[in-house]
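Participant:
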Amino acid sequence: MKRLPSHQQQRENAFGRCCVALRKKMGLTQRALGELLGISEQAIQHWERGVHAPSPEHLERLLALCLQHHAFAPLREYAEAQQLWRAAGKPADFDASWMRAQLTAPFAPSALVVLKREAVHSAEPLVKQEPPSTSSHLDWDDALDVHDFYGREAERLQLEQWVVQERCQVVSVLGMGGIGKSALAVTLMHQVAPAFQSVVFRSLRDAPPCQDLLADCLQVLSPQPLSALPGSLERRMDLLLECFQAQRYLLVLDNLASLLQACNPEGRFRAGYEDYAVLLRRVAESSHQSCLLLTSRESPAELGSLESRRASVRALRLAGLEQEACEQLFEERDVVGTTHDRLRLVQLYVGNPLALKIVAEAITELFGGEIAPFLQQETVIFSTIRDLLAEQFARLSVLEQALLTWLAVVREPLGAAELQAMLVPPVAAVQVSEALEALHRRSLVERGKPGVGQATFTLQSVVLEYVTEVLVERVSEQVQHTGWEHLLSYALEQAGAKAYVRQAQERQIVAPVLVRLRAVYRQKEAVEEQLLGLLSQLRPWEQEAVGYGPTNL
Numbered sequence: 213m214k215r216l217p218s219h220q221q222q223r224e225n226a227f228g229r230c231c232v233a234l235r236k237k238m239g240l241t242q243r244a245l246g247e248l249l250g251i252s253e254q255a256i257q258h259w260e261r262g263v264h265a266p267s268p269e270h271l272e273r274l275l276a277l278c279l280q281h282h283a284f285a286p287l288r289e290y291a292e293a294q295q296l297w298r299a300a301g302k303p304a305d306f307d308a309s310w311m312r313a314q315l316t317a318p319f320a321p322s323a324l325v326v327l328k329r330e331a332v333h334s335a336e337p338l339v340k341q342e343p344p345s346t347s348s349h350l351d352w353d354d355a356l357d358v359h360d361f362y363g364r365e366a367e368r369l370q371l372e373q374w375v376v377q378e379r380c381q382v383v384s385v386l387g388m389g390g391i392g393k394s395a396l397a398v399t400l401m402h403q404v405a406p407a408f409q410s411v412v413f414r415s416l417r418d419a420p421p422c423q424d425l426l427a428d429c430l431q432v433l434s435p436q437p438l439s440a441l442p443g444s445l446e447r448r449m450d451l452l453l454e455c456f457q458a459q460r461y462l463l464v465l466d467n468l469a470s471l472l473q474a475c476n477p478e479g480r481f482r483a484g485y486e487d488y489a490v491l492l493r494r495v496a497e498s499s500h501q502s503c504l505l506l507t508s509r510e511s512p513a514e515l516g517s518l519e520s521r522r523a524s525v526r527a528l529r530l531a532g533l534e535q536e537a538c539e540q541l542f543e544e545r546d547v548v549g550t551t552h553d554r555l556r557l558v559q560l561y562v563g564n565p566l567a568l569k570i571v572a573e574a575i576t577e578l579f580g581g582e583i584a585p586f587l588q589q590e591t592v593i594f595s596t597i598r599d600l601l602a603e604q605f606a607r608l609s610v611l612e613q614a615l616l617t618w619l620a621v622v623r624e625p626l627g628a629a630e631l632q633a634m635l636v637p638p639v640a641a642v643q644v645s646e647a648l649e650a651l652h653r654r655s656l657v658e659r660g661k662p663g664v665g666q667a668t669f670t671l672q673s674v675v676l677e678y679v680t681e682v683l684v685e686r687v688s689e690q691v692q693h694t695g696w697e698h699l700l701s702y703a704l705e706q707a708g709a710k711a712y713v714r715q716a717q718e719r720q721i722v723a724p725v726l727v728r729l730r731a732v733y734r735q736k737e738a739v740e741e742q743l744l745g746l747l748s749q750l751r752p753w754e755q756e757a758v759g760y761g762p763t764n765l
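The opening position of the sequence shown corresponds to residue 213 in our numbering, with each subsequent residue numbered one higher.
Right under this line is the structure:
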């Protein structure tokens, strides 16, 4: 087939990525979408691979279907529909009157219920979904934009059944790091939003105290001045449950494992975070009409005991991706091999999507996309995600490592210009942009919500944890052995940052460094003496050379 010109190929690839994301939000296979639009499955495949874009007639059908099933973000339907229209290479001035008519059309049941049943090969009819709320509000905080979500149709439908039809009060999505818990939760969140008055997503990866999390959520669910919120933790929990009883809310808490004790098989909360255990029990055992959706690498003890006793508490344990979904991942990254080699590669990484994305990029870069020579190099087969990240991190340029480290320090989405302003020594903007694109291609950074006029980047939880540990380890070593690189290059706690960011930096970076130093020097006074000694060495240096050193010390 004749290749498209590069600019047209890029445009249609952008449309293809949008098409994949929307199809998966609707829970459809390529065949099912084709049947609803009156075209072949192969035509859908061509759209998604960027071979060609749809005709205006078929594009209008696709837009109408997306609107009917709420695949676009609430309150952004018009803008996202126009974005899809432009991505397909159509004129920017699409029929606004037609779009307004679609937006105001009443909700009608569709063939989606039948198609969903077919997707999970079940003879049992699904419970009919309630008409969506017309006033649902989505507060998704720093939830990632999910563009390349693979497989998981049966899992998503099971979660939808629990959350929407069965009205479960607490639902957990469990699995190892990188397995796709957050992506599944975000995809589900958008899918079921019309069934709720409000949907709130909050990440726990920075380990906010329970009192702070409750204040944050109550500001959304029961808007009032912060000073008017009750001061006691118990009263804030009461108020949250009152909200849960009065309206139907979905609260998504991502990465609960960051609050649990390490190396504790019972799933106990860390010291200082026991209040979360009380919160979980109260949400699970109280009578209300809302749902708490959790993602975690392990189940907290409080929920484990309730799963068997209460029908309103459920847990879904994610295994690796099925082979078909992995094949799609390989195809999109131009990774090729025999059926046996592809199966072996998936088995080596137990179908972990993050691991497979990283490995696929390495295969493309090092072996021209051929799986066989990669498998022959036993030294590049890794037993854990952390081993894989360590190898990838070691292969990065100094600038790429610095960008990952700054994203771990700041702990929220940043644009290229913001990252460039933090770098010491300064680096040209074009180099920063190129490095970020390289990191994104390797699946080491994710695109966050767009900032003002710019793309933003952030880290998956498993990558954030790894890079933070590397930073803590290297800073600790440099303090002991009078090294300077990380002490001068990164602000471990940013005085001008938002309060919750500073608190997270103190908990996740500064405190662990001090714990390591106390283990070496034994006495607090000895640690202070070492830090003051390093600070005195910096005093004769030129202002430009000391970087963030004085602030850190």
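Virtual Cβ for every residue (Gly too), placed ideally from N, Cα, C.
By Cβ distance, which residues of its chain are closer than 6 Å to Pro442, with the 5 residues on each side in sequence left out?
Facilitator: By one-based count along the sequence shown, residue 442 stands at place 230. Cβ neighbours of Pro442 beyond the five flanking positions: Arg448.
Participant: With 16 other CB atoms within 10 Å as the buried threshold, where does Thr668 fall?
Facilitator: Walking along the sequence shown from the start, residue 668 turns up at place 456. It is buried - the Cβ of Thr668 has at least 16 other Cβ atoms within 10 Å.
Participant: Give every residue of the same chain whose Cβ lies closer than 8 Å to the Cβ of Glu519, excluding the five residues on either side of it in the sequence, and list them in chain order.
Facilitator: One-based indexing of the sequence shown puts residue 519 at position 307. Once the five neighbours on either side are set aside, the close Cβ partners of Glu519 are Ser511, Val525, Arg526, Ala527.
Participant: My understanding is that Val687 touches Leu601, with C-beta atoms under 8 Å, so please give their C-beta distance in whole angstroms.
Facilitator: As a first step, residue 687 must be located in the sequence shown, where it is residue number 475. As a first step, residue 601 must be located in the sequence shown, where it is residue number 389. Not confirmed; about 19 Å, so no contact.
Participant: If you count every other CB in all the chains shown that lies within 10 Å of the CB of Ala293, and 16 or more means buried, which is it?
Facilitator: As a working mapping, residue 293 is identified with position 81 in the sequence shown. With 16 or more Cβ atoms within 10 Å of its Cβ, Ala293 is classed as buried.
Participant: Taking only three categories from DSSP, how would you classify Ser701?
Facilitator: Stepping through the sequence shown from its first residue, residue 701 is reached at position 489. Per DSSP, reduced to three states, the secondary structure at Ser701 is helical.
Participant: DSSP beta-bridge partners for Val382?
Facilitator: Sequence index remark: in the sequence shown, residue 382 carries index 170 (1-based). Bridge partners of Val382: Leu504, Val525.
Participant: Candidates Glu658, Val642, Pro752, Tyr290: which alpha carbon is nearest Leu626's?
Facilitator: As a position in the sequence shown, residue 626 is number 414, starting the count at 1. Checking every option, the nearest Cα to that of Leu626 belongs to Glu658.
Participant: In this structure, does DSSP put Leu463 in helix, strand or coil?
Facilitator: Taking the first residue of the sequence shown as position 1, residue 463 is located at position 251. Leu463: strand per DSSP, three-state reduction.
Participant: Check whether the Cβ atoms of Gln604 and Val495 lie closer than 9 Å to each other.
Facilitator: Stepping through the sequence shown from its first residue, residue 604 is reached at position 392. Stepping through the sequence shown from its first residue, residue 495 is reached at position 283. No, they are not a contact pair.
Participant: Reducing DSSP to helix, strand and coil, say where Arg659 ends up.
Facilitator: Taking the first residue of the sequence shown as 1, we reach residue 659 at position 447. Residue state, collapsed to three classes: strand.
Participant: With a Cβ-Cβ cutoff of 9 Å, do His433 and Val412 count as a contact?
Facilitator: Looking up residue 433 in the sequence shown gives position 221. Looking up residue 412 in the sequence shown gives position 200. In the sequence on display, residue 433 carries Leu and not His. Going by C-beta atoms, Leu433 is nearer than 9 Å to Val412.
Participant: Taking the continuous alpha helix (DSSP H) assigned at Thr551, which residues delimit it?
Facilitator: Position 339 of the sequence shown, counted from the first residue, corresponds to residue 551. Per DSSP, Thr551 belongs to the alpha helix (DSSP H) from 551-560.
Participant: Going straight from the alpha carbon of Tyr760 to that of Val636, what length do you get?
Facilitator: Position 548 of the sequence shown, counted from the first residue, corresponds to residue 760. Position 424 of the sequence shown, counted from the first residue, corresponds to residue 636. One C-alpha to the other measures close to 8 Å.
Participant: Would you mind sorting Ser394 into buried or exposed? The rule is 16 or more other CB atoms within 10 Å of its CB.
Facilitator: Within the sequence shown, residue 394 is the residue found at index 182, counting from 1. By the 10 Å Cβ count, Ser394 comes out buried.
Participant: Apart from the five residues on each side of it in sequence, which residues of its chain come closer than 6 Å, Cβ to Cβ, to Leu557?
Facilitator: If you number the sequence shown from 1, residue 557 lands on position 345. Same-chain partners within the cutoff: Ile583.
Participant: Just grab the DSSP bridge partners of Thr781 for me.
Facilitator: The displayed coordinates of the chain run from 213 to 765. Any statement about residue 781 would go beyond what the structure contains.
Participant: Am I right that Gly532 and Arg368 are in contact with their C-beta atoms under 8 Å? What's the rounded C-beta distance?
Facilitator: Walking along the sequence shown from the start, residue 532 turns up at place 320. Walking along the sequence shown from the start, residue 368 turns up at place 156. In fact, because the Cβ distance is near 16 Å, the residues do not count as touching under 8 Å.
Participant: Taking Ser502 as the reference, which of Gln423, Leu452, Leu396 has the closest Cα?
Facilitator: To locate residue 502, count along the sequence shown from 1; it is residue 290. When each option's Cα is compared against that of Ser502, the closest is Leu452.
Participant: Grab the span of the alpha helix (DSSP H) containing Ser688 for me, first residue to last.
Facilitator: As a position in the sequence shown, residue 688 is number 476, starting the count at 1. Unbroken alpha helix (DSSP H) run through Ser688: 673-693.
Participant: Just the C-alpha distance for Gln559 and Thr551, rounded to the nearest angstrom, thanks.
Facilitator: As a working note, residue 559 is residue 347 in the sequence shown. As a working note, residue 551 is residue 339 in the sequence shown. A straight line joining the alpha-carbon of Gln559 with that of Thr551 spans about 12 Å.
Participant: How should Val727 be labelled, buried or exposed, when 16 other C-beta atoms within 10 angstroms of its C-beta is the threshold for buried?
Facilitator: Position 515 of the sequence shown, counted from the first residue, corresponds to residue 727. If you draw a 10 Å sphere on the C-beta of Val727, you find fewer than 16 other C-beta atoms in it, and that means exposed.
Participant: State yes or no: is the C-beta of Thr507 within less than 9 Å of the C-beta of Asn467?
Facilitator: Stepping through the sequence shown from its first residue, residue 507 is reached at position 295. Stepping through the sequence shown from its first residue, residue 467 is reached at position 255. Cβ distance < 9 Å, so Thr507 and Asn467 count as in contact.
Participant: Tell me whether Phe227 sits in a helix, a strand or coil according to DSSP, three-state version.
Facilitator: Taking the first residue of the sequence shown as position 1, residue 227 is located at position 15. Secondary structure of Phe227 (DSSP, three-state): helix.
Participant: When you compare only the Cα positions, how much space is there between Arg529 and Gly390?
Facilitator: For this step, residue 529 is matched to residue 317 along the sequence shown. For this step, residue 390 is matched to residue 178 along the sequence shown. Straight-line Cα distance between these residues: approximately 13 Å.
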